[in-house]
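Below: one structure, written as C-alpha cells.
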Amino acid sequence: MDRNAPVGVFDSGVGGLTVAREIMRQIPDERIIYFGDTARLPYGSKSRDTIIRYSRQIIRFLRVMEVKAIVIACNTASSYALETVQAESDIPVIGVINAGARTAVQATRNRKIGVIGTEGTIGSGIYTEVMRQMRSDIEVFAKPCPLFVPLVEEGLLHDSVTDEIASRYLNSLKGKYIDTLVLGCTHYPLLRSTLRRLLGEEVTLVNPAYETAVELRGLLQKQNLDREPDASLTGEKYQFFVSDLAEKFTSFATAILPGEVKETKKINIEEY
Ligand code: DGL
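When we follow our numbering, the leftmost residue of the sequence shown carries the number 97, and every step to the right adds one.
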C-alpha cells in the first residue's frame, strides 16, 4: 500500500466535513478524498440493510480512487455498517463511535452521560453498548434529535426555531443530571453554541470528530501509512465528490472549510 495515497472520508452529506476538518487540522500532511452521499441522505431514518448497501458502494468508489484507509465520518453509517465493512476490507476502516464513546467515558465525573444522534444511531443502541463495555457502571441517557439535521442543512445555526427545538429535546436529559453529552451526529458540532447555552458550562460536550482524527493519526503511524511530508502532489490535496447537488455542497462546504473546497464533482454512486 502506498503511504502517500489519500485517506477516504465519507458521510451522507456535508456533516462529515466536521470530521474532515479535524483530520486537516491534526494531520495536515494527509490528502483526503471526501464523498458526500447527497442524493440519498438522510441516512438517519433508513434501515441497517440500506445503510450497509450504501456504505459498500461508497467504499468501492473510494477503492477505485486508491485510498489507503477509510474513515466513516457518519454516526449512522458507523453504527450500522462499520463492523460489516471492516470485516470485508483489507485496508483500515474506522468509524466515529468508539472515539466519541472513549472520550465521554474519560470525561465523566458522575458517570451519567447523555448521547444525542439520529433515530438510526440512537435506535441501534451502539453508544450505550460501547460505553458500558468500556466502563460498566456508566449510566447512558440517549435521545434522538431528528430535526437537528434539517435545521443545520437550512443554515439555522443561530435561530430562535433551533433554540426552541433544542430546548425541547434537551429537557428530558436535563432531569438526568448528565455531566457529559456526546454529539453523536456529524451535524451537531455545528450547533455547539446553542447546546452549550442551553446546558450550561458544567456539561462537557464531546465531539467525536476530534478523537477520530487522533485515532486515524495513530493508526496510520502504526501501520507505516502516514504520508511523507515532502511527497510530491499532483492535483488538489483535498478532493470532494457527491452523488447530487454539487454546487449546493460546495457553498455549504466552503462555510465549514474556508478556502479548501476548489471544486465538487458529481458521480453516479449507483454504478459502484
Ligand atoms: N451524518 C449523519 C450522522 O452522523 C447525519 C445526517 C443523516 O441523517 O444523513 O448520523
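For glycine and all other residues, C-beta sits at the position ideal for the given N, C-alpha and C.
On a predicted model such as this, the values are computed, not experimentally measured, just so you know.
What are the residues that DSSP puts in a beta bridge with residue i?
i: I119; result: Looking at the DSSP assignment, I119 forms no beta bridge with any residue, so it has no partner.
i: Y334; result: I128
i: F106; result: F131 and I168
i: K361; result: F337
i: F237; result: G210
i: V189; result: I166
i: L301; result: L277
Considering only heavy atoms of ligand 1, does any lie closer than 7 Å to the CB of residue i?
i: Y139; result: yes
i: V257; result: no
i: C281; result: yes
i: N194; result: no
i: S289; result: no
i: C241; result: no
i: T114; result: no
i: V211; result: no
i: T204; result: no
i: N303; result: no
i: V338; result: no
i: N171; result: yes
i: V245; result: yes
i: T224; result: no
i: S220; result: no
i: D107; result: yes
i: G111; result: yes
i: T134; result: no
i: T308; result: no
i: T217; result: yes
i: T214; result: yes
Could you tell me whether the Cβ of residue i comes closer than 8 Å to any Cβ of chain C?
i: Y265; result: Protein chains in the displayed structure number just one, and chain C is not present.
Shortest alpha-carbon distance to residue i belongs to which of the options?
i: L295; options: I222, G210, V189 and V105; result: G210
i: S289; options: L301, C281 and G280; result: L301
i: V338; options: A101, Y273, L113 and D98; result: L113
i: Y306; options: N320, V110, E126 and R117; result: R117
i: E367; options: N100, P138 and R156; result: R156
i: E215; options: K270, N171 and V110; result: N171
i: G280; options: L353, I222 and I128; result: I222
i: T217; options: L353, I193 and D125; result: I193
i: K362; options: E260, D133 and V299; result: D133
i: I261; options: T199, Y176 and L287; result: L287
i: A203; options: Q153, V167, E359 and N303; result: N303
i: V201; options: E235, A349 and V257; result: E235
i: I168; options: P240, V115, T258 and R198; result: V115
i: C196; options: I212, A342 and L329; result: Residue identity check: residue 196 is Gly in the sequence provided, not Cys. The candidate whose alpha carbon is nearest that of G196 is I212.
i: Q229; options: K239, R198 and E343; result: R198
i: G104; options: L253, Q335, E311 and I148; result: Q335
i: T180; options: F237, L158 and I147; result: I147
I need the DSSP call for residue i, collapsed to helix, strand or coil.
i: T214; result: coil
i: A200; result: helix
i: G314; result: helix
i: V278; result: strand
i: I155; result: helix
i: V160; result: helix
i: D326; result: coil
i: Y139; result: coil
i: D370; result: What is shown of the chain runs 97 to 368, which leaves residue 370 out entirely.
i: G219; result: helix
i: L113; result: helix
i: Y150; result: helix
i: Q319; result: coil
i: E250; result: coil
i: P242; result: coil
i: K344; result: helix
i: E356; result: coil
i: A101; result: coil
i: Y306; result: helix
i: K272; result: coil
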